[in-house]
Amino acid sequence: AKSSESVDFSINAAIHNGIEEGEFYMEYQPQFDMQRNVIAAEALMRWTSRDFGRVGPDQFIPIAEEAGLMSFLGRWALRYACHQLRKIHERMPDFVMSVNVSPVQFGSDQFDRLVLETIAETGIAPNRLILEITESTLMHSQQKTERALANLREKGIRFSIDDFGTGYSCLSYLKIL
């Protein structure tokens with residue numbers, strides 16, 4: 175039996191190879207209104223490795239974060255989802271796309287600039303993008319978080335909290351953010 179450490183190392187190497195080989199892709203989880211019309215979707219990064227088959231995000235994301243690859247993968251996912259949103263807007267101008275943001279991405283000093291550049295590049299309406307951040311991400315670096323949230327919200331970008339209730343956040347603080 176392989177040790178957990180050797181499996182992590184193998185997956186780490188496979189992630190690098192997967193990036194080079196284009197093995198990562200996006201799936202879209204639709205969201206419906208009461209009349210069963212698709213009105214939004216959540217963009218979800220997926221990976222099918224040549225060596226490991228389909229690898230769940232709960233397996234590859236922590237390893238990618240540790241290896242310093244999550245910023246690259248997150249940037250790719252955001253750009254790809256926004257390009258898809260642009261195509262969807264040609265037929266459905268009110269459609270909304272949610273994109274998960276890792277704590278590593280959100281903690282970057284350049285995150286808000288990256289998001290705004292992506293919106294400018296793709297030409298999407300900022301209010302049609304929802305960034306999903308975890309409750310723990312909000313609580314990490316409060317001053318930096320408040321600055322990034324304010325800057326992006328000022329441009330019309332919306333946020334949702336993913337996995338709410340799994341951390342120890344204070345509702346009054348979340349309301350302020």
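Numbering (this note's numbering), first residue to last: 175 to 351.
The C-beta atom is built at its ideal place from N, Cα and C for all residues, glycine as well.
Predicted model only: the values in this text are computed from it and were never measured.
Distance from the CA of E309 to the CA of Q205, rounded to the nearest whole angstrom, comes to 22 Å. A distance below 8 Å separates the beta carbons of V275 and I307. T296 is a Cβ neighbour of R260, given a cutoff of 8 Å. For a cut-off of 8 Å, the C-beta gap from N301 to A241 is around 34 Å, too long to register as a contact. The residue from P231, A215, L247 and I189 with its alpha-carbon nearest to that of Q203 is A215. Counting other Cβ atoms within 10 Å of its Cβ, A294 stays below 16 and is therefore classed as exposed. In this structure, DSSP gives G242 a state outside helix and strand, which the three-state scheme calls coil.
Residue range F285 to T296 is occupied by the alpha helix (DSSP H) that includes E295. Residue pairing by DSSP puts A214 in a beta bridge opposite Q205 and V270. In the three-state DSSP reduction, V229 falls in the strand class (E or B). Note: I307 is bridge-paired with I335 in the DSSP secondary-structure output. Between L243 and I189, the gap from beta carbon to beta carbon is short of 8 Å. Within the model, the alpha-carbon separation for Q284 versus V212 is close to 33 Å. In the DSSP assignment, V278 falls within the alpha helix (DSSP H) that extends over P277 to F280.
Secondary structure of R265 (DSSP, three-state): coil. Closest option to T319, judged by alpha-carbon separation, among W221, D286, R249 and F198: D286.
Within the DSSP bridge table, the entry for T222 names R228 as partners.
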